[in-house]
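K.L.:
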Amino acid sequence: VKGVGSDHGTHVSGIVSAIRGNKLGGDGVANNVLIMSLRSVPDGDEFDKDIALAIRYAVDNGAKVINGSFGKSYSPLQKDVYEAIMYAQDHDVLFVHAAGNDNKDLAVEDNFPAVQYSFQKEPFTHVLTIGASTRFTKGNLAADFSNYGANQVDIFAPGYEIYNTWPENNYKKIQGTSMAAPMVAGVAAMLKGYFPSLSMLEIKDIILESGNDFGDTEQVKPGTEEKVKFSTLSKTGKTVNVLAAVKLAQQKIKAKA
42 VKGVGSDHGT HVSGIVSAIR GNKLGGDGVA NNVLIMSLRS VPDGDEFDKD
92 IALAIRYAVD NGAKVINGSF GKSYSPLQKD VYEAIMYAQD HDVLFVHAAG
142 NDNKDLAVED NFPAVQYSFQ KEPFTHVLTI GASTRFTKGN LAADFSNYGA
192 NQVDIFAPGY EIYNTWPENN YKKIQGTSMA APMVAGVAAM LKGYFPSLSM
242 LEIKDIILES GNDFGDTEQV KPGTEEKVKF STLSKTGKTV NVLAAVKLAQ
292 QKIKAKA
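In terms of the numbering used here, the sequence shown opens at residue 42 and continues consecutively.
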């Protein structure tokens with residue numbers, strides 16, 4: 042499941058899987074994946090029924106990771122989307138969702154699909170909500186546009202000035218949590234490819250456990266000039282670390298042997 046338009050979707054897909062090492066554009070996170078491109082978002086806010094149907098289609102056709110680089114503040118058919126995410130969860134499919142670009146606290150303002158719906162009794166086990174980080178680790182690690190939430194955003198990943206594929210054989214630098222989500226989706230897909238015996242739930246936990254811990258560092262809260270502990274902006278206080286995730290996956294595999 043991709044984002045708005047062929048340009049946005051092309052960029053997102055490139056982040057996941059642009060050919061590595063060819064000295065063109067940016068390298069994708071993973072080199073062992075296939076992209077299932079589903080146009081579920083028009084040039085505007087997506088319809089809930091289209092998101093629900095796209096998630097179900099992806100699951101039924103073998104996807105193990107679904108990237109959701111989309112979001113909106115109002116959702117009229119919440120149960121349809123919730124049931125589709127639960128359908129993915131029941132099939133051990135990981136849904137990686139962008140936190141949104143309104144520098145808002147998701148504890149106060151929802152970004153749909155929601156982290157947890159008002160009618161939902163148990164939290165999702167197979168959803169990751171991703172904030173956008175920058176390369177500026179000393180004070181401005183959270184991108185100033187990124188949504189955040191101490192109990193809503195799981196982890197941050199690079200989403201600031203990301204250079205990658207664009208239609209018509211071009212490359213472009215853009216930013217957003219739409220770029221951060223496929224960073225994590227790419228890690229999840231890469232891990233599943235190299236370590237197929239791991240469940241997607243195990244892979245989710247590996248990604249969260251192996252991240253770079255910036256929790257105790259002082260960082261500017263997005264949309265403000267206030268400095269807060271990075272741990273207050275997400276559940277983990279971490280940014281994704283691909284190498285550490287691979288090493289931890291190797292340890293998990295050895296422990297199973």
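The beta carbon of each residue, even a glycine, is placed where N, CA and C say it ideally should be.
Which first and last residues belong to the alpha helix (DSSP H) in which VAL168 is found?
P.N.:
VAL168 -> not in any alpha helix (DSSP H); beta strand (DSSP E) instead, spanning 168-174.
K.L.:
Bridge partners of ALA95, per DSSP?
P.N.:
The partner list for ALA95 (beta bridge, DSSP) is empty, contrary to what the question assumes.
K.L.:
Within the continuous beta strand (DSSP E) that includes TYR235, where are the two ends?
P.N.:
It is not in any beta strand (DSSP E) - TYR235 instead sits in the alpha helix (DSSP H) that spans 218-235.
K.L.:
What residue from ALA139, PRO263 and ASP257 has the CA that sits closest to PHE271's CA?
P.N.:
Selected option, being the one with the closest Cα: ASP257.
K.L.:
Would you say the region 102-119 touches the region 136-147, given that touching needs at least three Cβ pairs under 8 angstroms?
P.N.:
Counting Cβ pairs under 8 angstroms, three or more are found: they touch.
K.L.:
Residue ranges of each alpha helix (DSSP H) run of no fewer than 4 residues wholly in the region 108-160, ordered along the chain?
P.N.:
List check, alpha helix (DSSP H) in window: 119-131.
K.L.:
By how many angstroms is the C-alpha of ILE56 removed from the C-alpha of LYS113?
P.N.:
The straight-line gap from Cα to Cα measures roughly 22 angstroms.
K.L.:
Which residue from VAL194, PHE186, GLN260 and VAL281 puts its Cα closest to that of ALA229?
P.N.:
ALA229 has its Cα closest to that of VAL281, out of VAL194, PHE186, GLN260 and VAL281.
K.L.:
Less than 8 angstroms between the CB atoms is what I'm expecting for LEU289 and ILE247, so what's the real figure, rounded?
P.N.:
LEU289 to ILE247, Cβ: 5 angstroms. Contact.
K.L.:
I need the DSSP call for LYS214, collapsed to helix, strand or coil.
P.N.:
Three-state DSSP puts LYS214 in a strand.
K.L.:
Which same chain residues, not among the five before or five after TYR128, have their C-beta less than 8 angstroms away from its C-beta?
P.N.:
Within the same chain, TYR128 has close Cβ partners ILE96, ARG97 and VAL100.
K.L.:
When you compare the CB positions of THR178 and PHE255, do they come within less than 8 angstroms of one another, or not?
P.N.:
Yes, the Cβ-Cβ distance between THR178 and PHE255 is below 8 angstroms.
K.L.:
Considering Cα atoms alone, identify which of ASN211, GLN291 and SER159 is closest to MET231.
P.N.:
Checking every option, the nearest Cα to that of MET231 belongs to GLN291.
K.L.:
What did DSSP end up calling THR178 once you bin it into helix, strand or coil?
P.N.:
THR178 falls in the coil class under three-state DSSP.
K.L.:
Does the distance from the C-beta atom of GLY217 to that of ALA183 stay below 8 angstroms?
P.N.:
It is not a contact, given that the beta carbons lie outside the stated cut-off.
K.L.:
Which residue wins for smallest C-alpha separation from ILE76, given the options LYS293, PRO223 and ALA298?
P.N.:
Answer by Cα proximity: PRO223.
K.L.:
Taking 8 angstroms as the cut-off, decide whether the C-beta atoms of GLN260 and GLY180 are in contact.
P.N.:
It is a contact, given that the beta carbons lie within the stated cut-off.
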